[in-house]
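K.L.:
Structure provided below as structure tokens; questions to follow.
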Amino acid sequence: MNAHTPPRRRRRRVGGAALATAGVLIALSVPSAALAAEGDTTIDILDVNDFHGRIESEGTTADKAAGAAKLASVVQSYREANPNTIFASVGDNVGASTFTSLIQEDAPTIDALNAMDLDVSAIGNHELDKGQDDLTGRIEDRAEWPYISANIVKTGTTDPAFTPYQVVEKGGVKVGFIGATTEDLIPGLVSPGGVEGLAMAPIVSQVNRYADQLTDGDTGNGEADVLVLLVHAGATTGNIADATGTGAFARITSGVSSKVAAIVSAHTHATYDHSIAGPGGTLRPVIQTGS
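In terms of our numbering, the sequence shown is numbered consecutively and its last residue is 345.
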């Protein structure tokens with residue numbers, strides 16, 4: 055492992071934890087109360103993707119940014135309804151930002167997400183616009199949440215260059231978030247000089263590696279009761295055919311271990327709320343909230 059590997063955690067087993075997913079600005083939700091049986095713990099997971107520094111409200115139509123204040127209000131309302139709520143991001147919190155955030159090096163955006171108590175975020179391509187040192191320095195130094203990606207690796211190895219996963223505990227349930235980043239990141243989406251020494255490993259094999267690790271019963275290497283993939287990659291449209299079949303994203307939805315209970319995606323700015331069978335045929339939520 056590496057210096058960014060999360061601390062070892064003890065596992066507490068629970069009976070049939072119910073998982074609900076909800077896209078924040080576009081309400082993609084599974085009714086968690088209906089899923090929960092008596093004695094179960096319901097965890098609500100709210101996600102946002104491709105926020106891109108849109109801290110100011112741009113209006114009320116579907117294609118306009120709601121802004122940080124409205125986003126915070128939605129997050130708070132879920133937390134008030136269920137204290138066992140987790141707020142996650144699937145990357146590109148910063149970068150390609152509007153002027154207000156851009157001119158201040160995205161400090162207002164990071165501060166706003168800190169104020170919302172963002173629990174965890176995948177690494178998006180825009181987090182590396184100014185290179186890996188900028189991510190591990192300026193961005194991570196200000197952010198109060200962990201950034202994760204299992205498939206950005208050290209060149210010539212399968213060793214992750216960043217923290218691969220994060221376990222968040224709510225109501226005695228350990229939710230393991232595994233991060234992943236589009237395989238197109240290097241060399242296509244960022245300056246090569248800023249990511250020297252890094253390479254991209256296949257998303258599926260790296261995610262499955264940590265899905266196995268987090269469920270192997272060995273408390274010495276991190277354990278979780280339920281797993282969620284935060285993947286900064288996605289289907290190109292909201293059509294379910296673009297998330298299944300033989301395409302790049304379909305290889306993720308069909309190939310990621312059935313131990314992963316939900317796939318929360320990003321990057322393509324599409325909107326969808328699918329149930330797609332993984333290995334073994336079990337249906338699981340596959341969502342993206344637009345941007």
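Heads up, the beta-carbon is just placed ideally off N, CA and C, and yes, glycines get one too.
1) For the segment 272 to 285 against the segment 129 to 138, do three or more pairs of beta-carbon atoms, one drawn from each stretch, fall closer than 8 Å, so that the two count as touching?
2) Along the chain, where does the beta strand (DSSP E) that runs through T96 open and close?
3) DSSP on T343, reduced to helix/strand/coil?
4) What beta strand (DSSP E) runs, 3 residues minimum, are completely inside the segment 171 to 227?
5) If the criterion is Cβ atoms closer than 7 Å, does the pair S203 and T154 meet it?
6) Do three or more CB pairs link the segment 262 to 274 to the segment 284 to 304 at distances below 8 Å?
7) Quick check on the DSSP output: the alpha helix (DSSP H) that includes L167 runs from which residue to which?
8) Does DSSP put D117 in a helix, in a strand, or in coil?
9) Suppose you measure from the CA of D327 to the CA of Q342; what does that come to, to the nearest Å?
10) Which residues in the same chain have their Cβ closer than 6 Å to the Cβ of Y264, if we skip the five residues on either side of it in sequence?
11) Which residues in the same chain as G288 place their Cβ atom closer than 7 Å to its Cβ, once the five residues preceding and following it in sequence are excluded?
12) I'd like the list of long-range same chain contacts for R108, defined as Cβ closer than 7 Å, with 5 residues on each side in sequence excluded.
13) Rounded to whole angstroms, what's the CA-CA distance from V340 to T298? Just pull it up for me.
14) How big is the Cα-Cα spacing for G230 and V282?
15) Thinking C-alpha only, which one of E181, G248, D173, A176 is nearest A161?
16) Assuming contact is defined by CB atoms lying nearer than 7 Å, are T209 and G251 in contact in what I supplied?
17) Since L156 is in the alpha helix (DSSP H), which residue starts that stretch and which ends it?
18) Inspect the CB distances between the segment 162 to 181 and the segment 123 to 134 and report whether three or more fall short of 8 Å.
19) My output table needs one value for V148: the three-state DSSP class, helix, strand or coil.
P.N.:
Once the coordinates are examined:
1) The segment 272 to 285, when compared against the segment 129 to 138, does not touch it at the 8 Å Cβ threshold.
2) In this chain, the beta strand (DSSP E) harbouring T96 covers 96 to 102.
3) Three-state result, T343: strand.
4) Within the segment 171 to 227, the complete beta strand (DSSP E) segments of 3 residues or longer fall at 174 to 176, 206 to 208, 219 to 224, listed in chain order.
5) S203 places its beta carbon 7 Å or farther from that of T154.
6) Short answer: they don't touch.
7) Per DSSP, the unbroken alpha helix (DSSP H) holding L167 starts and ends at 161 to 169.
8) Assigned with DSSP and collapsed to three states, D117 falls in coil, not helix or strand.
9) Roughly 7 Å separates the two Cα atoms.
10) Excluding sequence positions up to five before and after Y264, its CB lies within less than 6 Å of the CB of A204, P218, Y219, I232, all in the same chain and listed in chain order.
11) Cβ contact annotation for G288 (same chain, cutoff 7 Å, sequence separation greater than five): F303, S319, A320, H321, T322, A324, Q342, in chain order.
12) Cβ neighbours of R108 beyond the five flanking positions: A119, G121, T152.
13) Roughly 11 Å between the two C-alpha positions.
14) Straight-line Cα distance between these residues: approximately 6 Å.
15) The candidate whose alpha carbon is nearest that of A161 is E181.
16) Contact: yes.
17) Counting along the chain, the alpha helix (DSSP H) containing L156 begins and ends at 153 to 156.
18) Flag = yes, the segment 162 to 181 and the segment 123 to 134 touch.
19) If DSSP states are grouped into helix, strand and coil, V148 belongs with coil.
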